[in-house]
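In my numbering, the protein residues as written are 17 to 192.
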């Protein structure tokens with residue numbers, strides 16, 4: 017039996033947040049000089065400011081929506097706020113950055129209190145401009161339902177990072 021190597025499956029992003037999809041657009045997310053790659057560890061102090069997000073593609077007439085969610089809110093063992101929406105930008109033209117889009121829900125920096133959280137960037141291609149609107153709340157956001165509501169289809173790119181509280185060391189502590 018062959019082991020699964022897709023980090024989006026191993027990290028349960030596919031399953032918890034999105035279904036299987038085919039990546040068709042380049043998505044580059046960077047905090048300062050550190051690029052987000054699937055499963056990379058960041059501390060809250062490294063993700064305070066909104067990241068730089070570059071979208072691939074080849075036609076400025078194609079528009080994208082970017083959502084950033086935490087499927088582990090408030091804690092990975094009890095994610096009853098799943099998914100928490102940290103950021104939503106729409107109408108991003110292909111070949112540009114999120115700064116060229118319309119930020120309809122401002123960036124809220126990750127501040128996990130318990131456990132290791134996954135923070136997921138999901139990119140969707142829009143059917144047209146000004147076709148996606150802000151949800152009424154951040155908690156209990158559902159990426160699949162959102163995509164269905166606005167006819168976004170499957171994601172065209174997804175990337176995620178892990179984050180835990182600043183003093184977190186990862187792993188369990190054993191008391192002698």
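Glycine residues also receive a C-beta, built at the ideal position from the N, C-alpha and C atoms.
For clarity, every value in this text was computed on a predicted model and none was experimentally measured.
With a 10 Å radius around its C-beta and 16 neighbouring C-beta atoms as the bar for buried, classify residue i as buried or exposed.
i: residue 149; result: exposed
i: residue 24; result: buried
i: residue 99; result: buried
i: residue 101; result: buried
i: residue 122; result: exposed
i: residue 139; result: buried
i: residue 155; result: exposed
i: residue 88; result: buried
i: residue 3; result: Outside the modelled stretch of the chain, which goes from 17 to 192, sits residue 3, for which no answer is possible.
i: residue 29; result: buried
i: residue 117; result: buried
i: residue 106; result: buried
i: residue 179; result: buried
Anyone know if the C-beta pair for residue i and residue j falls short of 8 Å?
i: residue 47; j: residue 69; result: no
i: residue 120; j: residue 143; result: no
i: residue 164; j: residue 61; result: no
i: residue 34; j: residue 114; result: no
i: residue 82; j: residue 137; result: yes
i: residue 73; j: residue 110; result: yes
i: residue 39; j: residue 172; result: yes
Can you give me the start and stop residues for the beta strand (DSSP E) that residue i sits inside?
i: residue 71; result: 68–71
i: residue 32; result: No beta strand (DSSP E) holds residue 32; the alpha helix (DSSP H) holding it covers 29–32.
i: residue 109; result: 100–109
i: residue 89; result: Here residue 89 belongs to no beta strand (DSSP E), and DSSP marks it neither H nor E.
i: residue 165; result: Careful: residue 165 lies outside any beta strand (DSSP E), inside the alpha helix (DSSP H) at 159–165.
i: residue 45; result: 43–47
i: residue 174; result: 173–179
i: residue 136; result: 133–141
i: residue 119; result: 118–121
Shorter than 8 Å from the beta carbon of residue i to some beta carbon of chain C?
i: residue 26; result: Among the chains in the structure shown there is no chain C, since it carries only a single protein chain.
Quick one: measure Cβ to Cβ for residue i and residue j, integer angstroms, because I've assumed they're closer than 8 Å.
i: residue 58; j: residue 177; result: 5 Å
What are the boundary residues of the alpha helix (DSSP H) that includes residue i?
i: residue 24; result: 23–26
>> I want to know whether the segment 88–95 touches the segment 123–140 - three or more CB-CB distances under 8 Å.
In response: Touching, yes, given that three or more Cβ pairs across the two stretches are closer than 8 Å.
>> Check whether the segment 42–61 and the segment 149–159 touch, using three or more Cβ-Cβ pairs below 8 Å as the test.
In response: no
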